[in-house]
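The letter at position 177 of the sequence shown is residue 177 when you use the UniProt record's numbering, and the numbering goes up by one with no holes. Working notes, beginning with the structure itself.
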Amino acid sequence: MATRWGIASAGKISHDFVTALSVLPLAEHVVVAVAARQLSRAKDFATLHNIKAAYGSYEELAKDPNVDVVYVGSIHPQHLQITSLMLSSGKPCLVEKPLTLNLKETKQLINLARNKKLFLMEAIWSRFFPVYQLLRDELKAGTLGDVLQVIANFGIPIEAVERIKQELGGGSILDLGVYLLQLAVLVFGPVIPEKILASGDLNKEGVDSSMAAILNYGAGKVATLSTHTRGTFPNEAFIVGTKGTIK
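Structural data, given as structure tokens:
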């Protein structure tokens, strides 16, 4: 039986997700409902993607018995509220990155999902690139030897883009930095660094336009990460070990 998806929010990222999902067999995945705060937007989205049900509230989506799992593609500040609603209604959730705006909210969602025994995942699409599977295989095989460094940067001129605004939860860390941090976690594992040095700059709206961080895991293992929303970086990553380097 196909997994029946509900889509929370009718914005651009939800369009991208549904478009990507449409390449999979209908016998495996099907989108059955979409919800937005404005019913007209939900109906337009449903018409475009041939979705049967369109709702003008997220509460209606949460109550739909035909929905097995919900993709939350709303703006960042709404992630906590919408995901909490879906989890509380028994719906597993795939939430667009960043999962929430801060640690407190993230712990709140994780605890709720655990209490409800429901699936909850942050949608980091790069984790599913073929190159990431290759990286996992090489790390597992020990090809690089003892991994000592992760060096990564991500900078693109997006400061004028709407989603970077403070009221939308924008910034170089939540928009770009999550990709670098998840790479460090993938390589070094879900362990807390022994020491973190970080610096950045805020624009006139109080939004972080750049970030540079050094995560020291001890035993010579370090992640050096940098982001920027005003300049174009090489946008590359290096995983350095005692036997070799992956770029």
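Cβ coordinates follow ideal geometry from the N, Cα and C atoms, glycine included.
Euclidean distance between Cα positions of Asp-16 and Leu-101:
22 Å
If you drop the 5 nearest sequence neighbours on each side, which residues of the same chain put their C-beta closer than 8 Å to that of Val-67?
Arg-4, Trp-5, Gly-6, Val-32, Ala-33, Leu-61 and Lys-91
So, using beta-carbon positions, are Tyr-71 and Glu-96 closer together than 9 Å?
yes
Could you tell me whether the Cβ atoms of Phe-154 and His-76 are closer together than 9 Å?
Taking 9 Å as the Cβ cut-off, Phe-154 and His-76 do not qualify as a contacting pair.
Touching or not, the stretch 212-227 and the stretch 141-154, by the rule of three or more beta carbon pairs under 8 Å?
Enough Cβ pairs lie closer than 8 Å, so yes.
DSSP three-state label for Arg-37, please.
coil
On the criterion of 16 or more Cβ atoms from any shown chain inside 10 Å, does Glu-162 qualify as buried, or is it exposed?
exposed
For the structure I just gave you, are there three or more beta carbon pairs, one from the stretch 36-56 and one from the stretch 8-26, closer than 8 Å?
yes
Quick check: Tyr-179 and Ser-126, are their CB atoms within less than 9 Å of each other?
yes
What residues are listed by DSSP as bridge partners for Arg-4?
Val-30
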